[in-house]
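Remarks on the structure that follows.
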Ligand SMILES: O=C(CO)COP(=O)(O)O
Ligand SMILES: O=C[C@H](O)COP(=O)(O)O
Ligand SMILES: [Zn+2]
Ligand SMILES: [Zn+2]
């Protein structure tokens, strides 16, 4: 028993018409909240770590916590590098024992993205690790880099086929209208499902059977959490995410991995603000961090059961 890659998870998810949740982890309470939810739902899960999370919590600490989660739960858990900025960071995570890495060259020139993704794939595959890459630009804020909304471009289906063919990548993150952070839409929420369908069909025709697609920026921006933050002194105005029905639809299609971070941040902040607001005399961190852990578990269970549909994927 140990960490697994996403290979089998995605094969089952594609055929089963559901998606696996990929949740960003930054500390112990987040790991425990997410994993308790996965355990309660008997679901496989991906725990992912950004470059800034590596810096905040240290790769070895994160790896040790995730190992403990596997040992305690017996679940299929993949440890994934989210938005790996360069070959070196991918290599470092593979050395620490991550089972999946993302190389994100989506902001680069196409040929440069192809070349570095291919190099990461060669290195990762030689070490039994799978690779996710990204094509197309998501609007919004991404790991400190602001991508101008006007400059955002959706993934080109023919280019997606060329990219997968030339890089040998295991899954592909595409841009169809999602974006990172808590402010995804000014007006009505809209995703380009036709484009997703076209990409899938073209990949299938090119010989990539049931090729797994990844959706970044897929938090729903839970309005109960936003309201709870604001009720207890927060100031979060106009936050809007991807409606649950859209995520359900994407999960039933070729999307096998759905990334969520913002929803966890909002839940954690909401629970802590409420705890501080209601118990001003308390100062035991296990009180408010315990509340945060519980709310994260509740939120993730709801996602698994009612949105992405991965309940009982461990069977
Ligand atoms: O895509 C993400 C991490 O890679 C997270 O997206 P959200 O900001 O919508 O949670
Ligand atoms: O896609 C970005 C993730 O939400 C990670 O964000 P972060 O770099 O602040 O950890
Ligand atoms: Zn990206
Ligand atoms: Zn992302």
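Residue numbers (full-length UniProt numbering): 1 to 315. Note that CB positions come from ideal geometry on N, CA and C, so glycine has one too. Please read all numbers here as calculations on a predicted model, not as lab measurements.
So residue i is in the beta strand (DSSP E); what residue range does that whole segment cover?
{"i": "residue 260", "result": "255-260"}
{"i": "residue 189", "result": "Unbroken run through residue 189: none, as it is neither H nor E."}
{"i": "residue 306", "result": "Element bounds for residue 306: n/a, residue is neither H nor E."}
{"i": "residue 24", "result": "20-24"}
{"i": "residue 221", "result": "No beta strand (DSSP E) holds residue 221; DSSP gives it neither H nor E."}
{"i": "residue 79", "result": "77-84"}
Exposed or buried, residue i, counting other C-beta atoms within 10 Å across all chains shown (16 or more means buried)?
{"i": "residue 146", "result": "Residue placement at residue 146 cannot be trusted, given a pLDDT of 48 that sits under 50; what the coordinates show is reported in the next sentence. Classification of residue 146: exposed, given that the 10 Å Cβ count is below 16."}
{"i": "residue 297", "result": "buried"}
{"i": "residue 322", "result": "The first residue shown for the chain is 1 and the last is 315, placing residue 322 beyond what the model contains."}
{"i": "residue 194", "result": "exposed"}
{"i": "residue 113", "result": "buried"}
{"i": "residue 228", "result": "buried"}
{"i": "residue 224", "result": "exposed"}
{"i": "residue 315", "result": "exposed"}
{"i": "residue 98", "result": "buried"}
Answer yes or no: does any C-beta atom of chain B fall closer than 9 Å to that of residue i?
{"i": "residue 174", "result": "In the structure shown, chain B cannot be found, because there is only a single protein chain."}
Less than 8 Å between the CB of residue i and some heavy atom of ligand 1, yes or no?
{"i": "residue 83", "result": "yes"}
{"i": "residue 242", "result": "yes"}
Does ligand 4 have even one heavy atom less than 8 Å from the beta-carbon of residue i?
{"i": "residue 180", "result": "yes"}
{"i": "residue 306", "result": "no"}
{"i": "residue 259", "result": "yes"}
{"i": "residue 173", "result": "yes"}
{"i": "residue 127", "result": "no"}
{"i": "residue 138", "result": "yes"}
For the alpha helix (DSSP H) that residue i lies in, which residues bound it at each end?
{"i": "residue 113", "result": "110-126"}
{"i": "residue 100", "result": "Per DSSP, residue 100 belongs to no alpha helix (DSSP H); it is in the beta strand (DSSP E), 100-103."}
{"i": "residue 212", "result": "From DSSP, residue 212 is part of no alpha helix (DSSP H); its letter is neither H nor E."}
{"i": "residue 282", "result": "Taken as a continuous stretch (DSSP letters only), residue 282 belongs to no alpha helix (DSSP H), as it is neither H nor E."}
For residue i, which beta-bridge partners are listed by DSSP?
{"i": "residue 171", "result": "132"}
{"i": "residue 240", "result": "183"}
{"i": "residue 48", "result": "24 and 80"}
Flag residue i as yes when its Cβ comes closer than 8 Å to any non-hydrogen atom of ligand 2, and as no otherwise.
{"i": "residue 106", "result": "no"}
{"i": "residue 24", "result": "yes"}
{"i": "residue 115", "result": "no"}
{"i": "residue 50", "result": "yes"}
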